[in-house]
Structure formats: C-alpha cells, structure tokens
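Residue numbers (this note's numbering), protein chains in the order written: chain P, 1 to 319; chain X, 1 to 278.
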C-alpha cells in the first residue's frame with residue numbers, strides 16, 4: 001500500500017475545497033447576472049408597462065411627439081426578418097454541411113471549411129455597410145423589380161412583393177441576416193454530421209442507398225438533436241442582431257404587408273433611438289422593447305429545449 | 001493495415017491457388033468467383049492475388065489475425081471501399097456470373113443484391129419496422145400489405161420476430177445489443193440479397209446473443225450465399241461449410257471447415273488455429 005504524507009493529504013483537501021467553491025461561485029455568478037439583467041430590464045420598463053399595459057405589444061403606433069408607443073412593428077420586423085433569414089440560411093447551411101462531410105473532395109474540404117469559419121468572424125458592422133452600399137442597390141435594381149413583376153400578381157403571395165423597390169427594407173435585412181447566421185448554422189451542422197459513425201452510414205450504403213438517401217434517411221435523423229441546436233443558435237443570433245439590420249432595414253415603425261417595404265426590429269429601434277429618447281416614457285418604452293426581445297429569445301430557447309426533450313423521449317433509450 | 005514484417009522463414013510458403021480450387025466443388029455451383037484480386041490502400045497493397053470460388057447456399061468463413069485483409073475482402077464484394085478515396089481493387093470478381101468491379105457497374109444496385117452486417121449493431125434512428133423496411137422502400141414498388149409481410153418474414157428469418165412483434169414501432173436503438181444485431185440481419189435479408197456479408201457480426205455481443213446470431217446464420221444457410229469474417233475460430237468451426245485462412249493479405253488456404261480445423265495443409269494455418277500466433 002502506498003503511504004500518503006498526511007500533510008500532503010491535508011493540502012490536497014484544501015485545494016479540493018478551494019477548487020469546488022471557485023467553480024461553484026462561477027456557476028452562481030451566471031445566475032446572478034441573468035437575474036440582474038432581468039430585474040433591471042423590468043424596472044426600467046415598468047413606467048411603460050404600467051402606462052400602456054397590454055396594449056404596448058398590440059399597437060403599431062410609435063409617436064414620440066404624443067408619447068404614444070406600441071411595440072407591434074418592431075416585434076413584427078424582428079420575427080419576419082429572422083424567419084426570412086432562417087428560410088434562406090437553413091437549407092443553404094444544410095447544403096454546405098452535407099457537401100463538406102459527405103461529397104467534398106478532400107482537397108477542397110479545408111478551404112471551404114475555413115471560409116465558412118472566416119465568414120463567421122466578419123464583424124457585423126461590415127455586413128451593415130456592405131448591405132447598405134452593395135447588396136441593397138443590387139436588390140433594388142435587379143432582384144426586387146423581378147419579384148414585383150413575377151410574384152406581385154399571385155394571390156396571397158403577391159401581397160408580400162408589392163410596392164416600389166426601395167432596396168432597403170425587411171427583405172434586405174432578412175438576406176443580410178441570412179448571410180450572417182449561415183456560417184454558424186453550417187459549421188454546427190458540419191460538426192454534428194461529422195459525428196455520425198461511418199459504420200452507420202455504410203449500413204445505409206450497404207442496402208443500396210444513394211448518397212442522398214443515406215443523408216436524408218440516416219444522417220439527418222441520427223443528428224436531429226444537434227440540428228435543432230444549430231438552427232436555434234442561428235435563430236438566436238438573427239433575433240438579436242442589431243448593427244447590420246439597423247443599416248439596411250429602413251427604420252420605419254410600420255407594419256407593411258410587403259416585404260420590400262422598410263420596417264424596424266426591436267434591437268435596431270433601440271440602437272437608433274436611445275440617444276435621442278427624451279422623456280421617461282420614451283426611454284422606458286425602449287427598455288420595454290429590450291425586455292420583449294429578452295422574452296422572445298428566452299421563449300425560443302425554451303421551445304427548443306422542449307422540442308429536444310420530446311425528440312429524445314420518442315427515440316426511447318437512445319443516446 | 002498491413003504489418004511491414006515479413007512472415008517468419010520457418011513457415012512453409014505455398015501458392016494458395018491450388019488449395020482454393022480444390023475441395024469446394026461438392027457444394028454446388030459457385031456464387032462468387034474471385035480471380036487474381038489485388039487491393040490497394042493508396043500505395044499499400046493489402047490483398048495479394050486472391051483467387052477462389054465461394055458456393056451458393058453455404059456459409060464461408062474467413063479467419064486470420066487482425067490486418068490480414070479479411071474485412072477488406074468483404075468490402076470488395078459490395079464495393080464499400082469505393083466510398084473512400086485512394087482505395088482500389090484490381091482483378092476480377094463475379095457475383096452470380098456478373099462482373100462487379102467494372103466501371104459501368106451500378107454500385108447501388110450491386111449493394112442491393114449484396115447485403116452486409118457490421119461489427120457493431122447499426123440500427124437506424126427509426127422504428128424497428130422502418131429499419132427492416134428501409135431497403136424495401138429504397139427498392140420501390142413494395143407497399144402496404146406486401147411491405148408488412150416482407151418485414152415480418154425477414155424478422156422471422158432473423159429469429160427475432162417473437163421478441164419484437166409487439167414493439168414494431170419502438171425505436172430500433174431501444175432493443176438489446178443482440179436483438180439489434182439480429183434486427184440488422186433482418187434488415188439486410190429483407191431485400192432478399194444474393195449474398196450476405198457479415199463482418200465479425202458477433203464481435204460486440206455477449207455469448208448468449210452470439211449463440212442466437214449463430215443459430216440465425218445456420219437457418220439462413222439454406223437460402224443465401226453467406227460470407228462471414230470472424231476472429232472467433234470456434235464460431236467459424238461451428239457455423240461454416242468452408243473456411244479460408246488469410247494472412248498478411250494472402251489467402252493461405254481455403255477448404256471444408258472440418259478439414260481446415262483438423263488437418264490444415266499449411267503450417268501458418270496450423271500455427272494460427274492452434275493459437276501459436278494471432
């Protein structure tokens with residue numbers, strides 16, 4: 001039997017205790033910060049909440065002159081731009097990830113992978129400038145007239161593509177957001193697909209499945225938990241993104257049925273107006289917007305968690 | 001993959017071809033014919049001039065130390081190596097008289113005809129029923145009642161029907177390891193392949209489950225050309241009609257299992273089955 005120096009053992013015990021309390025306090029710190037943020041948001045937003053009540057989230061009006069504020073337009077803009085972003089970025093991200101893991105020649109694998117990661121490293125202000133000076137004019141001149149001409153007449157869908165091509169607006173913001181969240185989705189999905197055991201994929205091929213069939217029927221179902229996680233990561237980023245959206249969305253507190261019209265999002269409204277907000281109610285209304293964004297992101301994450309739990313329960317003893 | 005050391009000099013070397021052709025004829029017409037097969041991982045040759053015939057409706061087992069090329073041989077038979085760059089096979093391999101190595105072979109169709117079961121159970125993330133129906137649905141044209149009856153008969157053939165008939169809609173991964181492996185066998189035979197390849201099918205299973213899988217194989221012998229790679233010599237002796245011993249990428253000898261395990265012709269086979277190496 002090994003003999004342990006009692007003094008050394010005592011020292012070990014102390015180290016162990018210090019280590020435990022250090023990690024514990026780090027973990028508690030997270031809770032404190034989160035609680036603090038929620039509390040101060042609630043306090044700051046209280047004047048607006050008590051003044052407007054529920055109508056704050058139900059009204060479109062935003063008039064600093066008459067001190068009337070409603071959050072419906074920013075909520076609408078936030079949700080719609082994020083939905084557009086996800087509609088564009090999720091299929092593209094899937095494509096990139098599946099290509100990189102299954103089809104890509106080894107020589108191209110690294111360059112494309114690094115490019116995807118570099119895209120994630122571009123600061124959002126750069127996407128904003130690029131969106132305003134490069135993307136918006138291109139959309140205005142080439143894409144939006146086409147959308148208006150070809151989709152504008154279709155029943156129901158046509159409403160989304162009516163009106164003049166401003167260049168900036170909800171659609172442009174959605175496109176910029178899509179580009180911004182794409183690397184996160186693609187990189188996460190690639191890592192998730194990489195973890196699918198080769199033997200499982202081979203089992204699919206061994207039954208005569210094509211690459212597409214193995215991808216769709218084996219790899220994707222196997223990775224669904226990770227896929228939901230990757231998409232939620234992207235969605236969370238799209239909901240909260242401020243700078244680039246502020247550049248290209250047009251900043252109009254208005255809900256238009258057309259995606260080509262200018263609009264606003266919660267975060268861009270706050271960024272735009274905070275410095276010029278005079279009066280307690282105005283400031284408080286902006287903070288209330290922040291509280292709403294907090295709630296929306298929280299709901300998204302909670303919904304994702306619930307979805308994951310349901311998926312896991314359905315797959316029985318798996319994982 | 002391949003040990004770089006040369007075999008010890010005292011081992012008697014003899015060309016494997018003569019032995020291979022020898023005594024497998026009484027098992028009926030060959031299903032698989034392999035002539036002068038060489039296999040390369042990049043520049044490394046891992047199969048050397050393999051020539052042999054394997055009979056239909058019988059179980060052929062391949063034994064040999066790790067890295068001897070037996071799994072590689074299986075992966076040639078369904079072109080699985082083709083998924084990976086820098087792996088290539090040269091020579092001639094016929095299954096049911098049809099060349100499988102040529103450039104114009106429809107690989108998906110080949111793999112549909114040649115089923116495979118792996119070292120570890122690989123149930124797909126879906127229900128027991130969908131697992132077995134997977135290949136049938138890929139093939140298309142089989143639906144409804146016919147699909148149900150094909151799934152049932154595959155599960156019966158794989159001797160797992162009684163255990164899963166009440167949980168066909170449970171996730172395949174919720175079964176025990178041995179059940180999962182038999183589920184994978186059912187999945188492979190559901191499409192009625194001409195050849196069934198098994199790569200160490202019981203390597204991850206406990207003795208009881210191993211026994212069940214072996215019984216399953218015995219029952220399937222009548223219908224299929226079965227090729228099984230195994231590290232378990234007793235298993236090869238128990239289940240197979242023909243056993244081939246491979247060593248360093250060569251087929252050292254192949255013959256009726258009763259003979260290989262009682263009076264092997266090659267010194268290396270003798271050393272391996274008596275446990276002197278490997």
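Note that the Cβ used here is the ideal one computed from N, Cα and C, for glycine as well. Only a predicted model underlies this, so the values are computations on that prediction, with no experimental measurement involved.
Residues that residue 282/P contacts on chain X, provided the C-beta gap is smaller than 8 Å | Looking up residue 282/P in the first chain gives position 282. Result: empty, since nearest Cβ-Cβ is about 53 Å, beyond 8 Å.
Can you tell me the Cα-Cα spacing of residue 149/X and residue 160/X, whole angstroms?
-> Your numbering for residue 149/X matches position 149 in the second chain. Your numbering for residue 160/X matches position 160 in the second chain. If you draw a straight line from the Cα of residue 149/X to the Cα of residue 160/X, it is about 15 Å long.
Taking only beta carbons into account, state which residues of the region 88-108 of chain P come closer than 8 Å to chain X, listed in chain order.
-> Those would be 105 and 106, in chain order.
Taking 8 Å as the threshold, find out whether the region 61-71 of chain X comes into contact with the region 241-261 of chain X through three or more Cβ pairs.
-> Inter-segment contact for the region 61-71 of chain X and the region 241-261 of chain X is present: three or more beta-carbon pairs are separated by less than 8 Å.
Would you mind reading off the limits of the beta strand (DSSP E) that contains residue 59/X?
-> Residue mapping note: residue 59/X aligns to position 59 of the second chain, counting from 1. Looking at the DSSP string, the run of the beta strand (DSSP E) that includes residue 59/X is 58-63.
Ranges of the alpha helix (DSSP H) found wholly within the region 203-241 of chain X, counting only runs of at least 4 = Counting only runs of 4 or more, we get 207-220 and 233-239.
Should the region 198-216 of chain X be regarded as contacting the region 128-137 of chain X, the criterion being three or more beta carbon pairs within less than 8 Å?
-> Verdict: no, contact absent.
What distance in whole Å lies between the Cβ atoms of residue 266/P and residue 78/P, which are believed to be in contact at a cut-off of 8 Å?
-> What you label residue 78/P is simply residue 78 of the first chain in a count that begins at 1. What you label residue 266/P is simply residue 266 of the first chain in a count that begins at 1. Right, the Cβ-Cβ distance comes to about 5 Å (below 8 Å), so this counts as a contact.
Identity of the residues DSSP links to residue 166/P by a beta bridge = Translated into positions along the first chain, residue 166/P becomes position 166. None, per the DSSP bridge assignment.
Alpha helix (DSSP H) containing residue 113/P: first to last residue?
-> Locating residue 113/P in the first chain gives position 113, where the first residue counts as 1. For residue 113/P, the uninterrupted alpha helix (DSSP H) segment begins and ends at 106-121.
Alpha carbon to alpha carbon, what distance is there between residue 236/X and residue 254/X?
-> Here residue 254/X corresponds to residue number 254 of the second chain, with the count starting at 1. Here residue 236/X corresponds to residue number 236 of the second chain, with the count starting at 1. For residue 254/X and residue 236/X, the distance between alpha carbons rounds to 12 Å.
Given residue 21/X, which residues of its chain have a CB within under 7 Å of its CB, disregarding the five upstream and five downstream residues?
-> Within the second chain, residue 21/X is the residue found at index 21, counting from 1. Because residue 21/X sits at a pLDDT of 39, beneath the cut-off of 50, its placement in the model cannot be relied upon, and the following sentence gives the value as read from the coordinates. The answer is none, since no qualifying residue turns up.
Excluding five sequence neighbours on each side, which residues of the same chain lie with their C-beta closer than 6 Å to the C-beta of residue 203/X?
-> Within the second chain, residue 203/X is the residue found at index 203, counting from 1. Apart from sequence neighbours up to five positions away, the residues of its chain that approach residue 203/X with a beta-carbon distance below 6 Å are 119, ordered along the chain.
Assuming residue 219/X contacts residue 182/X under a Cβ cut-off of 8 Å, what Cβ separation, rounded to an integer in Å, is found between them?
-> For the purposes of this step, residue 219/X is identified with residue 219 of the second chain, where counting begins at 1. For the purposes of this step, residue 182/X is identified with residue 182 of the second chain, where counting begins at 1. In fact, because the Cβ distance is near 11 Å, the residues do not count as touching under 8 Å.
Beta-carbon neighbours of residue 210/P, restricted to chain X and to distances below 8 Å | Taking the first residue of the first chain as 1, we reach residue 210/P at position 210. Within chain X, the C-beta atoms nearer than 8 Å to that of residue 210/P come from 108, in chain order.
Looking at chain X, which residues of the region 58-78 of chain P have a Cβ within less than 9 Å of any of its Cβ atoms?
-> Residues of the region 58-78 of chain P that bring their beta carbon within less than 9 Å of a beta carbon in chain X are absent altogether.
Which chain P residues sit within Cβ distance under 8 Å of residue 191/X?
-> Start at 1 with the first residue of the second chain, and residue 191/X comes out as number 191. Here the neighbours are 207 and 208.
For chain X, is any of its Cβ atoms less than 9 Å away from the one on residue 199/P?
-> Stepping through the first chain from its first residue, residue 199/P is reached at position 199. With 9 Å as the cut-off, residue 199/P counts as an interface residue toward chain X.
Under the three-state reduction of DSSP, which class applies to residue 30/X: helix, strand or coil?
-> Working through the second chain from its first residue, we reach residue 30/X at position 30. Note: residue 30/X maps to strand in three-state DSSP.
Do the region 49-68 of chain X and the region 98-116 of chain X meet, that is, are 3 or more Cβ pairs less than 8 Å apart?
-> Here the region 49-68 of chain X makes no contact with the region 98-116 of chain X; the two share fewer than three CB pairs at distances below 8 Å.
Opposing strand residues paired with residue 62/P [DSSP bridges] = Mapped onto the first chain, residue 62/P falls at position 62. Residue 62/P is bridged to 69/P.
Along chain X, which residues have their Cβ under 7 Å away from the Cβ of residue 218/P?
-> Reading the first chain from its first residue, position 218 is the one you call residue 218/P. Residues of chain X whose Cβ lies closer than 7 Å to the Cβ of residue 218/P are, in chain order, 124.
Just curious, the alpha helix (DSSP H) that residue 18/P is in, first and last residue?
-> Stepping through the first chain from its first residue, residue 18/P is reached at position 18. 6-52 is the extent of the alpha helix (DSSP H) around residue 18/P.
On the three-state DSSP scale, how would you describe residue 255/X?
-> Here residue 255/X refers to the residue found at position 255 of the second chain. In the three-state scheme derived from DSSP, where H, G and I count as helix and E and B as strand, residue 255/X is classed as strand.
Report the rounded CA-to-CA distance for residue 239/P versus residue 278/P, giving the unit in angstroms.
-> For this step, residue 239/P is matched to residue 239 along the first chain. For this step, residue 278/P is matched to residue 278 along the first chain. When the Cα atoms are used, residue 239/P and residue 278/P turn out to be separated by approximately 26 Å.
Among all the DSSP beta bridges, which residues are the ones paired with residue 246/X?
-> Translated into the one-based positions of the second chain, residue 246/X becomes position 246. According to DSSP, residue 246/X bridges with 251/X.
Do we get a CB-CB distance below 9 Å when we pair residue 118/X with the residues of chain P?
-> Sequence index remark: in the second chain, residue 118/X carries index 118 (1-based). Yes - at least one Cβ of chain P is within 9 Å of the one on residue 118/X.
Under 9 Å, do residue 229/X and residue 62/X count as touching if we go by C-beta distance?
-> For the purposes of this step, residue 229/X is identified with residue 229 of the second chain, where counting begins at 1. For the purposes of this step, residue 62/X is identified with residue 62 of the second chain, where counting begins at 1. Yes, the pair counts as a contact, with Cβ atoms nearer than the cut-off.
Helix, strand or coil: which one does DSSP assign to residue 181/X?
-> Taking the first residue of the second chain as 1, we reach residue 181/X at position 181. Reduced to three states, the DSSP call for residue 181/X is helix.
Residues that residue 320/P contacts on chain X, provided the C-beta gap is smaller than 7 Å | As displayed, chain P neither begins before 1 nor continues past 319, which places residue 320/P out of reach and without an answer.
Which residues in the same chain have their Cβ closer than 7 Å to the Cβ of residue 205/P, if we skip the five residues on either side of it in sequence?
-> Here the question's residue 205/P lines up with position 205 in the first chain. Hits under 7 Å: 214.
Could you give the distance in angstroms between the alpha-carbon of residue 220/P and the alpha-carbon of residue 166/P?
-> Counting from 1 along the first chain, the entry for residue 220/P is found at position 220. Counting from 1 along the first chain, the entry for residue 166/P is found at position 166. Between residue 220/P and residue 166/P, the C-alpha separation is close to 39 Å.
Candidates 274/P, 154/P, 193/P and 255/P: which alpha carbon is nearest residue 98/P's?
-> As a first step, residue 98/P is located in the first chain; it is residue number 98 there, counting from the start. Minimum Cα-Cα distance from residue 98/P among the listed residues 274/P, 154/P, 193/P and 255/P corresponds to 193/P.
Consult DSSP for residue 84/P and reduce its assignment to one of helix, strand or coil.
-> Here residue 84/P corresponds to residue number 84 of the first chain, with the count starting at 1. Residue state for residue 84/P is assigned as helix, using DSSP reduced to three classes.
Given 8 Å as the limit, is there contact between the region 288-295 of chain P and the region 34-52 of chain P, that is, 3 or more CB pairs closer than that?
-> Result yes; three or more Cβ-Cβ pairs closer than 8 Å.
Assumed close pair residue 322/P, residue 261/P - CB separation to whole angstroms, cut-off 8 Å = Given that chain P is displayed from residue 1 to residue 319, the structure contains no residue 322/P and the question cannot be resolved.
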